[in-house]
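Throughout the sequence shown, residue numbering follows the UniProt record's numbering, covering 11 to 345 in sequence.
Comments concern the structure below.
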Amino acid sequence: KTTSKPPPLPSPLRFSKFYQSNMRILVTGGAGFIGSHLVDKLMENEKNEVIVADNYFTGSKDNLRKWIGHPRFELIRHDVTQPLLVEVDQIYHLACPASPIFYKYNPVKTIKTNVIGTLNMLGLAKRVGARILLTSTSEVYGDPLIHPQPETYWGNVNPIGVRSCYDEGKRVAETLMFDYHRQHGIEIRIARIFNTYGPRMNIDDGRVVSNFIAQALRGEPLTVQKPGTQTRSFCYVSDMVDGLIRLMEGEHTGPINIGNPGEFTMVELAETVKELIKPDVEINMVENTPDDPRQRKPDITKAKELLGWEPKVKLRDGLPLMEEDFRLRLGISKE
Ligand code: NAD
Ligand code: UDP
Ligand code: UDP
């Protein structure tokens, strides 16, 4: 006797592709600084459904409070070092502490997050056929011997130093991305992010822009780590998010540098913050930490040519936007 089989149920993934209505997007680390701004931008498009997976190590639900309860949004407490089963079309893989004081706090966990976490997200991408974007970092160039840094530069990284858990962790994550791409045909995108700043940065995470703004607002001396001639290039977060989305939607795997080529010494940055926020604040020279890169500036030729992207917000315009957010959070109003 034969029984007629019911027709197969469409998988949620095929379902969403069939109707071309919704794009389901996973953002790991979406409760963090860059991740939450990315979620804001993705949620503006009514065709997007966004799932955030975050363990709240350095991120906070507060960054996503306007989306909690929204029908196209879902927040999962999840550590990416554990397997994750969801059905999605795209994965923005950001989960990883980004500030030196946090990634050095538990270096073994930082490596696990970069290596096992990225492996899990690639396994997920493979199972559901999703495109995956990794937020790598300019730290893969280490203390660079070539300036500015093009994507073809292989870097100058100390494999056994205190920053290695992060630098080498991201380098292995990039390797895994390319091996899944070559071996399993996964669609990958790699962004090499340079120093990014803006509202929602952790106030006490020790990064230079957040430190200087918080110090200026609290009337404390700005702590320039010696020698103060070391340089960085700072990208405002809205420009960063725009670059990440263009990379995901474009045709190129990368790696592609996303950053602002405007280069400043730490003394120049301190002087700019002083001038814009508190002209009478002191600037103190303090001891530095080991392996601090002496200079860093992205070569963004590739981003310009392949993604039609370049940053729009100048440091002098971005700092006041961040000041406003820090004033609110610190409860310090303008005199
Ligand atoms: P962030 O610390 O604000 O955000 C990282 C998020 O990942 C946090 O919400 C944190 O809770 C989460 N997270 C950490 N470990 C996790 C784990 N094991 N499982 C799940 N979630 C975890 O940092 P950010 O500045 O928003 O950085 C986001 C990404 O961009 C990171 O991958 C970072 O390496 C990269 N990046 C940032 C910068 C920068 O200047 N901000 C520069 C280069 C690269
Ligand atoms: N993985 C996951 N979600 C999935 C599929 C896989 O987290 O939907 C994890 C899985 O637990 C494994 C990793 O991704 O640890 C790599 O998966 P893959 O299938 O590539 O390798 P394998 O399972 O054969 O080791
Ligand atoms: N820095 C500083 N004062 C601070 C914090 C950092 O002068 O209070 C310097 C630090 O030595 C480094 C630069 O600022 O040269 C950028 O440091 P950050 O930790 O923000 O980022 P990264 O080193 O990852 O680029």
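Glycine residues also receive a C-beta, built at the ideal position from the N, C-alpha and C atoms.
Practice task
Using three-state DSSP, classify Q193 as helix, strand or coil.
Solution key: Along the sequence shown, one-based indexing puts residue 193 at 183. In the structure shown, Q193 sits in a helix (DSSP, three-state: H, G or I).
Exercise for the section: For V80, count neighbouring Cβ atoms within 10 angstroms of its own Cβ and tell me buried if that reaches 16, exposed if not. Expected result: Taking the first residue of the sequence shown as 1, we reach residue 80 at position 70. This sequence places His at residue 80; Val is not what is there. Around the Cβ of H80, a 10 Å sphere holds fewer than 16 other Cβ atoms; the residue is exposed.
Problem - Proximity test, V138 beta-carbon vs ligand 2 heavy atom, cut-off 8 Å - result: Translated into the one-based positions of the sequence shown, residue 138 becomes position 128. Result yes, Cβ under 8 Å from ligand 2.
Problem - Cross-strand partners of R306 (DSSP beta bridge) - result: To locate residue 306, count along the sequence shown from 1; it is residue 296. DSSP lists no beta-bridge partner residue for R306.
Problem - Test item: CB-CB of G238 and T299 under 9 Å - result: For the purposes of this step, residue 238 is identified with residue 228 of the sequence shown, where counting begins at 1. For the purposes of this step, residue 299 is identified with residue 289 of the sequence shown, where counting begins at 1. No.
Exercise for the section: Please work out which residues of its chain come closer than 8 Å, Cβ to Cβ, to T241, disregarding the five sequence neighbours upstream and downstream, and give them in chain order. Expected result: Counting from one through the sequence shown, the residue named residue 241 turns up at place 231. Excluding sequence neighbours, T241 sits near E273, F274, T275, M276, R304, Q305, R306, K307.
Handout entry: Continuous alpha helix (DSSP H) stretch holding V277: start and end
Key = Position 267 of the sequence shown, counted from the start, is the residue given in the question as residue 277. Run containing V277: 276-287, per the alpha helix (DSSP H) assignment.
Practice task
Take the Cβ of E149 as the centre, count every other Cβ of all protein chains shown within 10 Å, and call the residue buried at 16 or more, exposed below.
Solution key: Walking along the sequence shown from the start, residue 149 turns up at place 139. With a 10 Å radius around the Cβ and a threshold of 16 neighbouring Cβ atoms, E149 comes out buried.
Handout entry: Check whether I142 and A135 have beta carbons under 9 Å apart
Key = Residue 142 sits at position 132 when you count from the first residue of the sequence shown. Residue 135 sits at position 125 when you count from the first residue of the sequence shown. Closer than 9 Å, so yes.
Practice task
Assess, as a yes-or-no matter, whether the stretch 174-190 is touched by the stretch 103-122 under the definition of 3 or more beta carbon pairs within less than 8 Å.
Solution key: Yes: the two stretches touch, three or more of their Cβ pairs being nearer than 8 Å.
Handout entry: K288 burial status per 10 Å Cβ neighbour count (16 or more: buried)
Key = Counting from one through the sequence shown, the residue named residue 288 turns up at place 278. So K288 ends up on the buried side.
Exercise for the section: Identify the continuous alpha helix (DSSP H) that holds Q225 and give its terminal residues. Expected result: Position 215 of the sequence shown, counted from the first residue, corresponds to residue 225. Where Q225 is concerned, the enclosing alpha helix (DSSP H) starts and stops at 218-228.
Practice task
Quick one: measure Cβ to Cβ for F188 and C245, integer angstroms, because I've assumed they're closer than 8 Å.
Solution key: Translated into the one-based positions of the sequence shown, residue 188 becomes position 178. Translated into the one-based positions of the sequence shown, residue 245 becomes position 235. That belief does not hold up - the Cβ atoms of F188 and C245 are roughly 25 Å apart, past 8 Å.
Practice task
May I ask whether a heavy atom of ligand 1 can be found less than 8 Å away from the beta carbon of A226?
Solution key: The residue labelled residue 226 in the question sits at position 216 within the sequence shown. Checking the 8 Å criterion, the Cβ of A226 is out of range of every heavy atom belonging to ligand 1.
Problem - Limits of the beta strand (DSSP E) - the one that R34 falls within - result: Counted from its first residue, the sequence shown places residue 34 at position 24. Element bounds for R34: 33-38.
Exercise for the section: Compare the beta carbon distance of T282 and R217 with 9 Å and say whether it is the shorter of the two. Expected result: The residue given as residue 282 occupies position 272 in the sequence shown. The residue given as residue 217 occupies position 207 in the sequence shown. Taking 9 Å as the cut-off, the beta carbon of T282 is found no closer than this to the beta carbon of R217.
Practice task
Measure the Cβ-Cβ separation of Q92 and L36 and say whether it is below 9 Å.
Solution key: Walking along the sequence shown from the start, residue 92 turns up at place 82. Walking along the sequence shown from the start, residue 36 turns up at place 26. L36 is positioned such that its CB atom lies no closer than 9 Å to that of Q92.
Problem - Reduced DSSP category for T239 - H, G, I as helix; E, B as strand; rest coil - result: To locate residue 239, count along the sequence shown from 1; it is residue 229. In the structure shown, the three-state DSSP call for T239 is coil.
Exercise for the section: Please indicate yes or no: does the CB of H88 lie closer than 8 Å to some heavy atom of ligand 1? Expected result: Residue mapping note: residue 88 aligns to position 78 of the sequence shown, counting from 1. Checking the 8 Å criterion, the Cβ of H88 is within range of a heavy atom belonging to ligand 1.
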